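Enquirer: Mind the numbering: the sequence shown is residues -4 to 218 in the numbering used here, read in order.
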Amino acid sequence: MRTILITGAGSGLGAALAKEWASKGSHIILVGRTGQTLKEVNRTISNNNGLSSIYLCDITVPSEIARMKESIKQDGLSVDLVVNNAGVGAFGAIEDIETEDVHTVIDTNVKGTIFMTQAFLPHLKEVSGRIMNIISTAGLKGKNHEAVYVASKYAVRGFTESLWKELEGTSVSATAVYMGGMNTPFWSNTDHVKDSTRLKSPLEKAKQIINQDEGQSEIFIDR
Ligand SMILES: NC(=O)c1ccc[n+]([C@@H]2O[C@H](COP(=O)([O-])OP(=O)(O)OC[C@H]3O[C@@H](n4cnc5c(N)ncnc54)[C@H](OP(=O)(O)O)[C@@H]3O)[C@@H](O)[C@H]2O)c1
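1. Rounded to a whole number of angstroms, what is the C-alpha to C-alpha distance between THR32 and ILE40?
2. For ALA88, which option in ASN43, VAL97, LEU162 has the closest C-alpha, if you only look at C-alpha atoms?
3. So the alpha helix (DSSP H) VAL167 belongs to, where does it begin and stop?
4. Leaving out five residues before and five after GLU15 in sequence, what residues of the same chain have Cβ atoms less than 8 Å from its Cβ?
5. Would the segment 51 to 71 and the segment 111 to 129 be scored as touching if the rule is three or more Cβ pairs under 8 Å?
6. Using CA coordinates, which residue listed in THR132, TYR144, LYS64 is at the minimum distance from LEU116?
7. Is GLY27 near ligand 1 - that is, is its Cβ less than 7 Å away from at least one heavy atom of it?
8. Let me check one thing: in DSSP terms, what residues is ARG125 bridge-paired to?
9. VAL83: beta carbon under 7 Å from a heavy atom of ligand 1?
10. Using only CA atoms, which one of ALA17, THR2, LEU8, GLY210 lies nearest to TYR50?
11. At the level of alpha carbons, what is the spacing between SER123 and ALA133?
12. Is ASP53 near ligand 1, judged by its Cβ being under 7 Å from some heavy atom?
13. Would you mind reading off the limits of the alpha helix (DSSP H) that contains VAL145?
14. May I ask which residues mark the beginning and end of the beta strand (DSSP E) holding LEU26?
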């Protein structure tokens, strides 16, 4: 059975990917900071006869990632695919974005993805595993009032494309995934998107990602 670790699995796209992959027979390792939301996803998966486990972890803190990695090993699980999905936004005119929000976006989207990759790569090399980085169309083109978020997603794109080079000749591969807007809690603390209920559902995007995924280095859901 394939074991898939998903960061930010308690809501939005991460939760949708978790439920969809679990329904196809994978064991899902649900990662996030909020036990309650992870438990709800865990319960849904279990009610549908799927398998999942919860690990609380803040991906911006390398020591928490190391502790989680050790617990996963102790629990006898072997991760085949790491999905770096957890991400946050900060929107508005660049001069209005709070310093703290700049730090949070870069720490989560960029450093979190880097720290998770550094931690799990040695194991992934042992099992011919894979990394999937959830980016966004914000990693493909600049957007108004999204400068910090776009900068973070270009960084993840650059990181992923560099992994392709660095992992050449190894058994590990890395995939960049690009998609546009989804109706998720991502938009709850901003009016940057006027009506997020008009956006596509994360389940629809999750199904598209999984259906289009043939192990290639890039998946374009939207451009
Ligand atoms: N929504 C969109 O329109 C859209 C479009 C394109 C791409 N994306 C990307 O899709 C990904 C998922 O976003 P979403 O829309 O599903 O948003 P979401 O529902 O807000 O999900 C983000 C998840 O990340 C987790 N998270 C945040 N900081 C974390 C940290 N430090 N450590 C561990 N987990 C953390 C959150 O859980 P906790 O707070 O409980 O930790 C949350 O479950 C993101 O990378 C986002 O940039 C979103």
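Think of the CB as a built atom: it goes at the ideal place given N, C-alpha and C, for glycine as much as any other residue. Owing to the predicted nature of the structure, the values given are computational and were not obtained by experimental measurement.
Expert: For this structure:
1. Against the sequence shown, residue 32 aligns to sequence position 37. Against the sequence shown, residue 40 aligns to sequence position 45. Taking C-alpha positions only, THR32 is separated from ILE40 by approximately 13 Å.
2. Position 93 of the sequence shown holds residue 88. In terms of Cα proximity to ALA88, the closest of ASN43, VAL97, LEU162 is VAL97.
3. Position 172 of the sequence shown, counted from the start, is the residue given in the question as residue 167. Run containing VAL167: none; DSSP gives neither H nor E here.
4. To locate residue 15, count along the sequence shown from 1; it is residue 20. Correct list, in chain order: LEU198, ALA201, LYS202, ILE205.
5. Look at the beta carbons and you see the segment 51 to 71 touching the segment 111 to 129: at least three pairs across the two are nearer than 8 Å.
6. Within the sequence shown, the letter at position 121 stands for residue 116. If we check each option's Cα against that of LEU116, LYS64 comes out closest.
7. The sequence position of residue 27 within the sequence shown is 32, counting from 1. GLY27 Cβ: within cutoff of ligand 1.
8. Counting from 1 along the sequence shown, the entry for residue 125 is found at position 130. Answer is LEU76, SER168.
9. Residue 83 sits at position 88 when you count from the first residue of the sequence shown. Within the cutoff, so yes.
10. Within the sequence shown, residue 50 is the residue found at index 55, counting from 1. Out of ALA17, THR2, LEU8, GLY210, THR2 has the C-alpha closest to the C-alpha of TYR50.
11. As a position in the sequence shown, residue 123 is number 128, starting the count at 1. As a position in the sequence shown, residue 133 is number 138, starting the count at 1. For SER123 and ALA133, the distance between alpha carbons rounds to 30 Å.
12. Along the sequence shown, one-based indexing puts residue 53 at 58. Because some heavy atom of ligand 1 lies under 7 Å away, the Cβ of ASP53 counts as near it: yes.
13. Within the sequence shown, the letter at position 150 stands for residue 145. Per DSSP, VAL145 belongs to the alpha helix (DSSP H) from 142 to 161.
14. Indexing the sequence shown from 1 puts residue 26 at position 31. Checking the displayed sequence, the identity of residue 26 turns out to be Val instead of Leu. Segment 22 to 27, the beta strand (DSSP E) holding VAL26.
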